[in-house]
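Heads up: take any position in the sequence shown, counting from 1, add 26, and you land on my numbering. Each residue gets a CB set at the ideal place from its N, CA and C atoms; glycine is no exception.
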Amino acid sequence: MRKNKLFAAALLLGSAISCCACGSSKSNDTSSTTPPIQTTTAPETTKASEAKPLSIGKFSNDGIYTNEAFDLQFDPNPLQLIMANDEQLSQMSGISIENSLTLENAQKVIDEGKFYMDMAAYSSDGNSTVNVGIQNIEKVYGSTTNIDHAIEESMNSMKKQLESSGMTNVEISKTTATFKGKETPALRISAEANHRKVYETQVFIMDGNYMATITATMVNENHEQTLLDAFLSINK
């Protein structure tokens, strides 16, 4: 019971902000008042391209997460993080507990324009969380687009959504963050919830029309980069 409560507290902020960030409605307006991010990230990771099959994450016996399509590897053990189990991930992805986290179920969630939680981990005190969510930006935004446009669309409604959820002093900025050694498109978010300061960094990478949002959240400490630095390339 205590573990479930810790999970709920830890993931409430991180997953809520993640879904707000990538849950805006489709829009035909591709104009932006914010200049595009200048980044050294490889072109194939910043722009939607040819259609590719969906790939979801795998977990080793010792809890290491990998996703081959996005070239992600994350080991929670050095950070003493607890990996969310299948039931918890199912709840965050809107998949009934009776159904397993199969590729077929993930595809259904994503094809409906929803946010599929591929991985989530949290600290025992609930003050640190990290997760990976996947969406098809063509389904969400109505056309094949790039990350800059997706981030702009997210920012348009995120602040209002977070404030509606009870958060205050919400600040959101578009920037870049170091991820696997490269400057990668990102959002930085700060807010207050339950009298606690919440700091979050989200980075965005592409595989075809699929966008992965990697969300690192910390409470009362602005050190999310330590969570992002735990992600490695699979072949490294």
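Neighbourhood of residue i by C-beta, 6 Å cutoff - its chain only, sequence neighbours within 5 removed
i       : result
Val-229 : Ala-203, Phe-205, Thr-210, Ala-212, Ile-240
Tyr-91  : Gly-83, Phe-85, Phe-100, Met-145
Val-270 : No information on residue 270 is available, as it lies outside the stretch 27 to 262 that the chain covers here.
Ile-108 : Tyr-148
Glu-197 : Ser-216
Ala-110 : Ala-146
Ile-260 : Thr-92, Asp-97, Gln-99
Option in the options with minimal Cα separation from residue i
i       : options                            : result
Gly-168 : Met-237, Gly-139, Ala-146          : Gly-139
Ser-216 : Met-184, Phe-100, Ala-95           : Met-184
Asp-88  : Asp-97, Ile-82, Leu-98, Pro-102    : Pro-102
Ile-14  : Ala-219, Glu-250, Leu-80           : Given a span of 27 to 262 for the chain in the structure shown, any question on residue 14 remains unanswerable.
Ser-199 : Asn-182, Gly-207, Glu-218, Gln-187 : Asn-182
Ile-160 : Glu-218, Leu-98, Tyr-148, Asp-151  : Leu-98
Leu-105 : Glu-197, Gln-114, Gln-251, Tyr-236 : Gln-251
Lys-208 : Val-224, Phe-257, Asn-172          : Phe-257
Phe-96  : Asn-235, Ile-231, Asn-261          : Ile-231
His-175 : Leu-127, Glu-94, Asp-112, Met-237  : Met-237
Ile-173 : Thr-201, Glu-130, Leu-188          : Thr-201
Opening and closing residue of the alpha helix (DSSP H) in which residue i lies
i       : result
Leu-188 : 173-190
Ser-116 : 112-119
Asp-233 : Note, Asp-233: premise wrong, no alpha helix (DSSP H); beta strand (DSSP E) at 222-233.
Gln-251 : 251-254
Close-in-space but distant-in-sequence residues of the same chain around residue i (CB under 7 Å, 5 per side omitted)
i       : result
Asp-255 : none
Arg-222 : Val-245, Asn-246
Glu-135 : Correcting the residue identity first, residue 135 is Val in this sequence and not Glu. So the qualifying residues of the chain are Ser-119, Gly-120, Ile-121, Tyr-142.
Leu-115 : Leu-127, Met-143, Ala-146
His-249 : none
Thr-72  : Legend: pLDDT at Thr-72 = 45, less than 50; position of this residue unreliable, no value from coordinates given.
Opposing strand residues paired with residue i [DSSP bridges]
i       : result
Met-193 : BP columns for Met-193 are empty, so no partner.
Ser-81  : Per DSSP, none; premise fails for Ser-81.
Ile-215 : Ile-198, Glu-226
Phe-257 : Phe-100
Lys-165 : DSSP, once it has assigned bridges, lists no residue as partnering Lys-165.
Glu-209 : Thr-204
Contacts around residue i, its chain only, beta-carbon distance under 8 Å, and the 5 residues preceding and following it disregarded
i       : result
Asn-153 : Ala-36, Met-244, Val-245, Asn-246, Glu-247
Thr-194 : Ala-217, Glu-218, Ala-219
Asp-137 : Asn-162, Lys-165
Gln-133 : Leu-80
First through last residue of the beta strand (DSSP E) which encompasses residue i
i       : result
Asp-144 : 142-148
Ile-160 : 154-162
Leu-136 : Checking the sequence shown, residue 136 turns out to be Ile, not Leu. From DSSP, Ile-136 is part of no beta strand (DSSP E) but of the alpha helix (DSSP H) over 129-137.
Ile-90  : Where Ile-90 is concerned, there is no enclosing beta strand (DSSP E), given that its DSSP letter is neither H nor E.
Ala-95  : Taken as a continuous stretch (DSSP letters only), Ala-95 belongs to no beta strand (DSSP E), as it is neither H nor E.
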